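Residue numbering for the sequence shown follows our numbering, beginning at -6 and increasing consecutively. For glycine and all other residues, C-beta sits at the position ideal for the given N, C-alpha and C. Predicted model only: the values in this text are computed from it and were never measured. Report on the structure given below.
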Amino acid sequence: MTSVFVAGSRKIGRLNDQIRRRLNNLIVQNYRILVGDANGVDRAVQAFLRDHAYRDVVVYCSGKVCRNNVGDWTSFNVQVDTNLKGREFYAHKDKKMAEDADYGLMIWDGKSSGTICNVLELLKRNKKSLVYFSPDHSFIPISTLNEVEQLIRKCSPEDIAEISKKIKLKTQLSQVATSAQGALEI
-6 MTSVFVAGSR
4 KIGRLNDQIR
14 RRLNNLIVQN
24 YRILVGDANG
34 VDRAVQAFLR
44 DHAYRDVVVY
54 CSGKVCRNNV
64 GDWTSFNVQV
74 DTNLKGREFY
84 AHKDKKMAED
94 ADYGLMIWDG
104 KSSGTICNVL
114 ELLKRNKKSL
124 VYFSPDHSFI
134 PISTLNEVEQ
144 LIRKCSPEDI
154 AEISKKIKLK
164 TQLSQVATSA
174 QGALEI
């Protein structure tokens, strides 16, 4: 069964018609949807799926308790060191979703370090994603390092600097390049 990792920025709390159509396509195709438990896109996607009575959903949570599971779906609790806080704590569930998914659908405001990190985690595993870039209301397919670099260049220098500070962007891009090179070696 095909699984799609759906995630996005916490500052995006509403889904527009373009995004709802894409989610509806996932439902029609009977894809398993892997979604996190954060506010913002995660919660909005959960509400959409609940409103469409879609059941093939797994909510991933870091630690023992989900923050949001509005459809009372199966949850997958990723065990995390309780001494970790913030981004470090929640990144574990995101990495597990990238590992478990076949593809990603990311809804990005061009500012969220977590969302672009998810795109990079998928690329490290040689998996594609479709990114809805909310500043210009476009869908951008990402399957190569070059494509993600082009996407990042669409962001303001200030936003790139902030993302870089939070997730060590150059290191992340280097890891994607290394994993892509490793995939070519037979």
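Look up residue i in the DSSP assignment and give the residues it is bridged to.
| i | result |
| --- | --- |
| N180 | With the chain running from -6 to 179 in the structure shown, residue 180 is simply not present. |
| I133 | V124 |
| S172 | BP columns for S172 are empty, so no partner. |
| S181 | Past the edges of the chain, shown from -6 to 179, lies residue 181, and the structure says nothing about it. |
For residue i, which residues from the same chain have a beta carbon less than 7 Å from its beta carbon, with the 5 sequence-adjacent residues on both sides left out?
| i | result |
| --- | --- |
| D35 | A0, V28, G29 and N61 |
| K88 | E114 |
| V112 | G97, M99, S122, V124, I135 and V141 |
Where does residue i land, buried or exposed, given buried means 16+ other C-beta within 10 angstroms?
| i | result |
| --- | --- |
| G6 | exposed |
| S131 | exposed |
| T164 | exposed |
| G79 | exposed |
| A170 | exposed |
| S149 | exposed |
| S127 | buried |
| D129 | exposed |
| V58 | exposed |
| D44 | exposed |
| N18 | exposed |
| S167 | exposed |
| D74 | exposed |
Under DSSP, the beta strand (DSSP E) around residue i begins and ends at which residues?
| i | result |
| --- | --- |
| L98 | Y96 to W101 |
| I5 | It is not in any beta strand (DSSP E) - I5 carries neither H nor E in the DSSP assignment. |
Provide the residue span of the alpha helix (DSSP H) that contains residue i, from first to last.
| i | result |
| --- | --- |
| R25 | Run containing R25: none in the alpha helix (DSSP H); it sits in the beta strand (DSSP E), R25 to V28. |
| S122 | Taken as a continuous stretch (DSSP letters only), S122 belongs to no alpha helix (DSSP H), being part of the beta strand (DSSP E) at S122 to F126. |
| D44 | V34 to D44 |
| V112 | S106 to K117 |
| V185 | Within the shown structure, residues of the chain are numbered from -6 to 179, placing residue 185 beyond reach of any answer. |
| R80 | G79 to D93 |
Using C-beta distances below 6 Å, list every residue in its chain close to residue i, excluding the 5 sequence neighbours before and after it, in chain order.
| i | result |
| --- | --- |
| Y47 | I20 |
| L162 | I156 |
| P134 | L123 |
| M90 | F(-2), L27 and Y53 |
Using 8 Å as the threshold, is the C-beta distance between residue i and residue j below it?
| i | j | result |
| --- | --- | --- |
| L98 | G64 | no |
| T108 | S(-4) | no |
| S55 | K86 | yes |
| L77 | A37 | no |
| Y96 | I12 | no |
| A94 | K120 | yes |
| L144 | L116 | no |
| I160 | C110 | yes |
Sorted by chain position, which residues of the same chain lie with C-beta nearer than 8 Å to residue i's C-beta, five sequence neighbours on each side aside?
| i | result |
| --- | --- |
| Y24 | M(-6), T(-5), S(-4), V(-3) and D49 |
| G33 | G1, S2, R3, K4, I5 and G6 |
| R118 | A91, E92 and S172 |
Within the 8 Å Cβ cut-off, does residue i reach chain B?
| i | result |
| --- | --- |
| C148 | Here there is only one protein chain, and chain B is not present. |
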